[in-house]
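The block underneath contains the structure these notes are about, expressed in structure tokens.
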Amino acid sequence: MSGWDSYIDNLIAQSNDSSGKAHCGKVAIISLDNGASWISPNYPGSLQLSATEGSTVAKMMKSGDFTSAQANGIVLEGIVKFCKKYMQMTANNC
């Protein structure tokens, strides 16, 4: 679903503070049903989630239970990302 690719650019650009520093470097847009990516593979600025990572995030978003991610971090792009300082996860029904 490459129609979402330009939205990634917009989200990253909107994260710039008044000095122009970006506070968002990568974005994932996935299906809540199965975690499938809605962006083109290897699109600049996109998180490249494995099927398992996407599914895990989708289940967490759908249930609203973030306790595991808050306590242990979450694996994205094969690396544990710790979410103790910042965590922005949003589920929107568009």
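Residue numbers (full-length UniProt numbering): 1 to 94.
Quick reminder that beta carbons are idealized off the backbone N, C-alpha and C, glycines included.
Inset, instruction - Inspect the CB distances between the segment 35-51 and the segment 62-70 and report whether three or more fall short of 8 Å. - result: no
Inset, instruction - May I have the straight-line CA-CA distance separating ILE8 from SER68, to the nearest angstrom? - result: 26 Å
Legend entry - beta strand (DSSP E) runs contained entirely in the segment 27-91, provided each spans 3 or more residues: 74-76, 79-81
Legend entry - For SER18, three-class secondary structure by DSSP: coil
Inset, instruction - Select from VAL80, VAL75, GLN14, SER6 the residue whose C-alpha is nearest the C-alpha of CYS24. - result: GLN14
Inset, instruction - Could you name the residues of the same chain whose beta carbon sits closer than 8 Å to that of GLY45, not counting the 5 residues immediately before and after it, in chain order? - result: ILE8, ASP9, ILE12, GLY25, LYS26, VAL27
Inset, instruction - Can you have a look at VAL57 and say buried or exposed, based on whether 16 or more other CB atoms are within 10 angstroms of its CB? - result: buried
Legend entry - Beta-carbon spacing of ASN34, SER55 below 8 Å: yes
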